[in-house]
Amino acid sequence: MHFSRRIEHCPMCGTRVEHRIPDDDNRERAVCPSCAHIQYVNPLNVVGTLPVWGDQVLLCRRNIEPRKGYWTLPAGFMELGETCEEGARRETDEEAGARIEMQGLYCVMDVVSAGQVHFFYRARLLDTDFNPGPETIEAKLFSEADIPWQELAFRTVKLTLERFFADRSTGQFGVHCADIR
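Residue numbers (full-length UniProt numbering): 1 to 181.
This is the structure we're talking about:
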């Protein structure tokens, strides 16, 4: 399976790479015929939160592609130099301008076709003053009955919300894992 992040040139010397299985490996890699550097392409981490205020959850309407205009949990790509939790907190601030208290890892989902792993943390909103950044059209609280299910941007968001409302009904919150294929 090839992803959109396919390497064409060596990041070390700029030579056009060959795609082949290196010795002592079992997967096709980008191998430089000039300097022998092997470039590995690994999944990207998407980190975010499921912010809660009373019986409502915070969703953000996307102002960027993909899925511009659709609703999502505040999340985005983890940056180098930060933990998953730090990235989730940063993304919540950048996308929703929301102040939160982290409450622990909630969902881990492998999105194999996109080469991503999504991590969502439960979070308690400290107030309802939101200041969305440029990637967000609006940030809004929704009760379970009012979630715009047909307008959710991503399957991972839908699954996270479904699991949250099921867990909330029992009062038991665990860590959920899923493979999205």
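Cβ atoms here follow ideal geometry from the backbone N, Cα and C, with glycine treated the same way.
Alpha-carbon spacing of residue i relative to residue j, whole angstroms
i, j, result
"T170", "W53", "18 Å"
"S113", "R122", "25 Å"
"I7", "E18", "9 Å"
"Q39", "V108", "26 Å"
"I64", "E86", "22 Å"
"L58", "T128", "9 Å"
"R168", "P148", "19 Å"
"A30", "D179", "26 Å"
"H37", "G14", "11 Å"
"G133", "G69", "14 Å"
"N26", "V41", "14 Å"
"R99", "C84", "17 Å"
"Q150", "D93", "25 Å"
"C35", "D24", "18 Å"
"L161", "A145", "12 Å"
"L159", "G81", "28 Å"
Cβ-based neighbour list, residue i, same chain, cut-off 6 Å, excluding 5 preceding and 5 following
i, result
"R163", "H176"
"I21", "E28"
"N45", "M78 and V117"
"G48", "L73, P74, A75, A88, E91 and F120"
"C60", "T72, P74, E95, A96, T136 and A139"
Secondary structure of residue i, DSSP reduced to three states
i, result
"G115", "coil"
"S34", "coil"
"A153", "coil"
"D167", "helix"
"K140", "strand"
"D129", "coil"
"E28", "coil"
"E135", "coil"
"E8", "coil"
Integer-rounded CB distance, given that residue j should sit under 8 Å from residue i
i, j, result
"R124", "Q103", "6 Å"
"A153", "R62", "6 Å"
"F165", "Y106", "Between Y106 and F165 the Cβ distance is about 12 Å, and since that is not below 8 Å, they are no contact."
"P51", "G115", "At roughly 27 Å, the Cβ-Cβ gap does not stay under 8 Å, so P51 and G115 are not in contact."
Cut-off 7 Å between Cβ atoms - residues of its own chain near residue i, not counting five sequence neighbours on either side
i, result
"E101", "A123, R124 and L126"
"N131", "G97"
"P11", "Q39"
"R181", "V112 and S113"
"T156", "M109, V111, H118 and I180"
"P33", "T15 and E18"
Sequence-distant residues of the same chain with beta carbon closer than 8 Å to residue i, five excluded per side
i, result
"R56", "Looking at the sequence provided, one finds Gln at residue 56 rather than Arg. Contacts found: L141, F142 and S143."
"R67", "A153 and F154"
"H9", "T15, R16 and V17"
Point to revise | Uninterrupted alpha helix (DSSP H) stretches inside the segment 38–119 (no shorter than 4 residues) | key: 84–96
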